[in-house]
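Asker:
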DNA sequence: GTGATCCCATAGGCGACGCCTATCGCTGCT
DNA sequence: AGCAGCGATAGGCGTCGCCTATGGGATCAC
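Residue numbers (our numbering), protein chains in the order written: chain A, 1 to 313; chain B, 1001 to 1313.
1) Just to confirm, are residue 233(A) and residue 194(A) a CB contact at a threshold of 7 Å?
2) What distance in whole Å lies between the Cβ atoms of residue 1209(B) and residue 1219(B), which are believed to be in contact at a cut-off of 8 Å?
3) Locate the alpha helix (DSSP H) running through residue 1005(B), then write down its first and last residues.
4) Among residues of its own chain, excluding the 5 on either side of residue 64(A), which ones have a beta-carbon nearer than 7 Å to its beta-carbon?
5) Thinking residue 187(A) and residue 259(A) are a contact (beta carbons under 8 Å), I'd like their distance in whole angstroms, please.
6) Can you list, in chain order, the residues of its chain whose CB lies under 6 Å from that of residue 342(A), leaving out five sequence neighbours each side?
7) Does any residue of chain B bring its CB to less than 7 Å from the CB of residue 20(A)?
8) Just verifying my parser: in three-state terms, what is the DSSP assignment at residue 293(A)?
9) Is it true that the region 1091 to 1107 of chain B meets the region 1150 to 1160 of chain B, where meeting means three or more beta-carbon pairs spaced less than 8 Å apart?
10) Label residue 160(A) either buried or exposed according to how many other C-beta atoms from any shown protein chain fall within 10 Å of its C-beta, with 16 as the threshold for buried.
11) Could you tell me whether any Cβ in chain A is nearer than 7 Å to the Cβ of residue 1071(B)?
12) Of all the CB atoms in chain A, is at least one closer than 7 Å to the CB of residue 1196(B)?
13) Just the Cα atoms here: how many angstroms apart are residue 1294(B) and residue 1257(B)?
14) What are the boundary residues of the alpha helix (DSSP H) that residue 74(A) is part of?
15) Please go through the same chain and pick out, in chain order, the residues whose beta-carbon is closer than 6 Å to the beta-carbon of residue 1061(B), but skip the five residues on each side of it.
16) What number of angstroms, rounded off, separates the C-alpha of residue 11(A) from the C-alpha of residue 1067(B)?
17) Residue 1058(B) versus chain A: which residues are under 8 Å apart at the beta carbon?
18) Less than 7 Å between CB atoms is the rule here; does residue 1011(B) satisfy it with respect to chain A?
19) Can you tell me whether residue 112(A) is helix, strand or coil according to DSSP?
20) With a threshold of 16 other CB atoms inside 10 Å of the CB of residue 224(A), please say whether the residue is buried or exposed.
21) Let me know if residue 1138(B) comes out buried or exposed under the rule of 16 or more other beta-carbons within 10 Å of its beta-carbon.
22) Would residue 162(A) pass as a contact of residue 267(A) if the rule is Cβ separation under 7 Å?
23) Measuring only between beta-carbons, confirm whether residue 43(A) sits less than 7 Å from chain B.
24) Could you give the uninterrupted runs of the alpha helix (DSSP H) lying entirely in the region 1011 to 1050 of chain B, keeping only those of 4 residues or more?
25) What's the C-alpha gap between residue 217(A) and residue 192(A)?
26) From residue 213(A) to residue 1014(B), what distance separates their C-alpha atoms?
27) Near residue 40(A), which residues of its chain fall below 6 Å by C-beta distance, leaving aside the five closest residues on each side in sequence?
28) Taking Cβ positions, are residue 1003(B) and residue 3(A) nearer each other than 7 Å?
29) Mind checking the region 138 to 159 of chain A against chain B and listing, in chain order, the residues whose C-beta falls within less than 7 Å of any C-beta there?
30) List the residues that DSSP assigns as beta-bridge partners of residue 1221(B).
31) Buried or exposed, going by whether 16 or more other CB atoms sit within 10 Å of the CB of residue 310(A)?
32) Report the residue from 1255(B), 1305(B) and 1021(B) whose alpha carbon sits nearest the alpha carbon of residue 1176(B).
33) Does residue 201(A) get closer than 7 Å to chain B when you measure Cβ to Cβ?
34) Residue 293(A) CB to nearest chain B CB: under 7 Å?
35) Establish whether the CB of residue 1063(B) and some CB of chain A are separated by less than 7 Å.
36) Let me confirm a value: residue 1058(B) is counted as buried when at least 16 other C-beta atoms fall within 10 Å, else exposed. Which label applies?
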């Protein structure tokens, strides 16, 4: 059975005439006759009664007719749907982001994306870098804004485009003495100062503890665990100091103390499955993301990383 | 777009593997790859992401998938349905019959037919010969039990197989003197006897009036018009005599008076559209009808007409 | 009744397309 | 480094669908 045969059946049924149907279908009449016959042979049943007064459907033909109509309409609809997807008039893009980024750029970028491509549904997954990277690999996400480092086991499967380098700063709340002097401190200034650490899984936690250990002491822990929001709240009410990304610190309105060179920093970038590449919708997402990053002025604590267009891992 | 391509898409989507899908489909892997690619080119969109960790559907592929599934299932269902129709496990046969026949053989034959082919729905149309013949020609009926003569304009388009010749007899009711003597009369015996005539359209009416006129007198009309049932009822209560088919007369329990040779008679037979022929179901109907006619013993007033298998008109 | 016309079926040639085998390119594993 | 797995590519081959030309049956007009 063949789709052209179904089309032929439809046309013959509607014109009740082989010759006219052939003309409408832009084929020679013998071709039409042959195809109909072939289908009839395959089905083991006549579909039409060829009579002088016009061609009529047999019972079998009448049974086949609505199915043929529906099938052809279905496929036409599917074609149209695929068209819409490729033209980004419909679809979906599954974006991942770490919590700090979801509350930052991602919110604005997704809003702009939704405005630019109203037919495309953006699905946001908020999680840690390693989890998001794994979900990229599994094909559950199309693209994700992540923070280096990636899990080494996945770095081969994931393409990563670094976008922004952001300083990590020490934040303190009201009624707390900021470490160091004139808004600048060294890691040694954190000695014996109580620190608020986010839970395991946040790269910030490793950054903070590493900083202390490299300076030769164990961090004194005020509160251990919790999400970033909790850390901010704890710092705000004076529970201790914390190491935060500069942007998040500024957004939270906390007192910022920069660390002396080499200032710790984190690299934010876009990641996707290397072998799948970026879907059309994801490419658009990336474009809008880059616009937003480039149009935001670089500050003293964030640095745009120029993309050499060779997407490194 | 092609049905095999849809099948291929389905299999690849399910196995997530070109090579294995090709094996399941009993084609070489390059053929499969080629067909998928060809479909992708036609649609202008990739359907699969070819990656090392297994093939994944793109959004377009995911949109096409359910349609492909449904289309293939639909066509499978249609194939099965056509099968059932050709095997007479489903379907319809549209049978026409004149009123007298519908109350006679047709009722029994249709019962037997429904029992033999429970999946086939018999549709009965009860009307006069000329109307039924016209509906045969239009393709509204598959087969009909008619009474000669057919409308001459249709005799070319309608095939007619004569089956039974039935005598027409004079019937009288209670309290009426039957015409003639010893159950036999001549047309002349009807002179001045009030007659009940069915309405125009019944061939019986022409038979009756023709009989009188050939004998040299105009029929004296007791009641004119009405269906056959009304005629029978009128005769039964003594309104007059009537000319009826022998079987109907016997069924009605009326007093029967046969006419002397040449006794008027009518020919009953099966008719169908000559160019369309008999559908499978109609052939079965005919077979059961013939069984019934042959197994009913020929009486003195009905005569089976042997079919020389050359179906004359 | 004879030619004209209509309509579907058949015959034969031709080009396209799908399937095949063989092979390549790439990746991941041992 | 060599091998195995997997999909893409290349080239040959057979089939199949489409074409033109023609057949055959029926209807219609004169």
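By construction, the Cβ of each residue, glycine as well, lies at the ideal position given by its N, Cα and C atoms.
Answerer: In brief:
1) Cβ distance not < 7 Å, so residue 233(A) and residue 194(A) don't count as in contact.
2) About 5 Å separates the two Cβ atoms, so the contact holds.
3) In the DSSP assignment, residue 1005(B) falls within the alpha helix (DSSP H) that extends over 1003 to 1015.
4) Correct list, in chain order: 9 and 47.
5) Right, their Cβ atoms sit about 7 Å apart.
6) This structure does not reach residue 342(A), given that chain A is present from 1 up to 313, and the question cannot be answered.
7) Not an interface residue.
8) Reduced to three states, the DSSP call for residue 293(A) is helix.
9) No, because fewer than three Cβ pairs between the region 1091 to 1107 of chain B and the region 1150 to 1160 of chain B fall closer than 8 Å, the two stretches do not touch.
10) Residue 160(A) is buried by the Cβ-count criterion.
11) It does; some Cβ of chain A falls within 7 Å.
12) No, residue 1196(B) does not count as interfacial toward chain A.
13) Going from the Cα of residue 1294(B) to the Cα of residue 1257(B) covers about 26 Å.
14) Its alpha helix (DSSP H) spans residues 59 to 86.
15) Closer than 6 Å at the Cβ level, and outside the excluded window around residue 1061(B), lie 1047 and 1048.
16) Spanning the two alpha carbons is a distance of roughly 23 Å.
17) 279, listed in chain order.
18) Taking 7 Å as the CB threshold, residue 1011(B) stays off the interface with chain A.
19) In the three-state reduction of the DSSP assignment, residue 112(A) falls in the helix class, which pools H, G and I.
20) Within a 10 Å sphere around the beta-carbon of residue 224(A) sit fewer than 16 other beta-carbons, which makes this residue exposed.
21) Classification for residue 1138(B): exposed.
22) The answer is yes: Cβ separation under 7 Å.
23) Interface residue, yes.
24) Counting whole runs of 4 or more residues, the region 1011 to 1050 of chain B contains the alpha helix (DSSP H) stretches 1018 to 1025 and 1029 to 1043.
25) Near 9 Å, if we compare the C-alpha coordinates of residue 192(A) and residue 217(A).
26) Going by the C-alpha atoms only, they are around 52 Å apart.
27) These residues qualify, in order along the chain: 46 and 47.
28) In this structure, residue 1003(B) places its C-beta atom within 7 Å of the C-beta atom of residue 3(A).
29) Those would be 139, in chain order.
30) Partner residues in the beta bridge of residue 1221(B), as assigned by DSSP, are 1195(B).
31) Residue placement at residue 310(A) is flagged as unreliable, the pLDDT there being 42, under the threshold of 50; the coordinate-derived value follows with that caveat. Counting other Cβ atoms within 10 Å of its Cβ, residue 310(A) stays below 16 and is therefore classed as exposed.
32) Closest by alpha carbon: 1255(B).
33) False, the Cβ-Cβ gap to chain B never drops below 7 Å.
34) Among the residues facing chain B, residue 293(A) is not included, as its CB has no counterpart in that chain under 7 Å away.
35) Taking CB atoms only, residue 1063(B) has a neighbour in chain A less than 7 Å away.
36) Flag for residue 1058(B) reads buried.
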